[in-house]
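Report on the following structure.
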Amino acid sequence: GAVVSQHPSRVICKSGTSVKIECRSLDFQATTMFWYRQFPKKSLMLMATSNEGSKATYEQGVEKDKFLINHASLTLSTLTVTSAHPEDSSFYICSAQGLAASYEQYFGPGTRLTVT
Amino acid sequence: GQNIDQPTEMTATEGAIVQINCTYQTSGFNGLFWYQQHAGEAPTFLSYNVLDGLEEKGRFSSFLSRSKGYSYLLLKELQMKDSASYLCALNTGGFKTIFGAGTRLFVKA
């Protein structure tokens, strides 16, 4: 159990376009989902925390107008990178927290974004 | 704020034991995680410590001392497939988890 999927797994887009990444909890309901960004050989940097039905909480330094997060249901959160630029190229990982009183997060497989 | 320190890289031999240390400073503490991450993949959960002491799970053990702000991950009977990054992460309150920079472990034959 506790499977999280991400789609797409890899995406290449042109500078100035927008890209949407989906994160789904497949066999459980996720009250809270997290979006991370990871640069090569670096650790995960928390971008934002999203709760179903409410606005996401962004970490300091993360532009909320550039990285739009929507958590419309207990099984789906989306991250949209708007007007992407080459510096947005990165590995984006989502994770989900279940309804049970557990602090464990279940990670999606990640999305490799390349902006040309 | 929070601060998590762990060594950048370690090398060990197949079949040996390796200990990866993690020290931290934080104002809020709800537990410490260890995750394993292979290159290009998402992290996978290894352990969670919220009380002081040693938690053993097969070849992997994790230790926590809250008073010292210290944890370690112990890997026994190392295998080549254990070559990966090991991430120390803090739950700082609520459901927020902050990750350390990770320790890249190289297992050699």
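So the protein sequences, as listed, match chains A and B. Residue numbering for the first sequence follows this note's numbering, starting at 1427 and increasing by one per position. Residue numbering for the second sequence follows this note's numbering, starting at 41 and increasing by one per position. For glycine and all other residues, C-beta sits at the position ideal for the given N, C-alpha and C. Note that the coordinates shown come from a computational prediction; the quantities given were computed from them, not determined experimentally.
In the structure shown, what three-state DSSP assignment does residue i receive?
i	result
residue 121(B)	helix
residue 49(B)	strand
residue 1448(A)	strand
Rounded to the nearest angstrom, what separates residue i and residue j at their Cα positions?
i	j	result
residue 104(B)	residue 1542(A)	45 Å
residue 68(B)	residue 110(B)	15 Å
residue 1451(A)	residue 56(B)	37 Å
residue 1508(A)	residue 1521(A)	21 Å
residue 72(B)	residue 89(B)	5 Å
residue 1506(A)	residue 149(B)	44 Å
residue 42(B)	residue 132(B)	8 Å
Is the shortest distance between the beta-carbon of residue i and the beta-carbons of chain B less than 7 Å?
i	result
residue 1540(A)	no
residue 1537(A)	no
Can a CB atom of chain A be found closer than 7 Å to the CB of residue i?
i	result
residue 41(B)	no
residue 93(B)	no
residue 98(B)	no
residue 83(B)	yes
residue 135(B)	yes
residue 139(B)	yes
Could you tell me the boundaries of the beta strand (DSSP E) in which residue i lies?
i	result
residue 63(B)	58 to 65
residue 93(B)	93 to 97
residue 84(B)	84 to 89
residue 79(B)	No beta strand (DSSP E) contains residue 79(B), which DSSP labels as neither H nor E.
residue 1498(A)	1493 to 1499
residue 1538(A)	1537 to 1541
residue 1428(A)	No beta strand (DSSP E) holds residue 1428(A); DSSP gives it neither H nor E.
Below 8 Å on the Cβ atoms is my contact criterion, and I expect residue i with residue j to pass it. Report the Cβ-Cβ distance as a whole number of Å.
i	j	result
residue 1503(A)	residue 1476(A)	5 Å
residue 1533(A)	residue 82(B)	4 Å
residue 1531(A)	residue 137(B)	6 Å
residue 141(B)	residue 77(B)	The Cβ separation is near 12 Å, so there is no contact.
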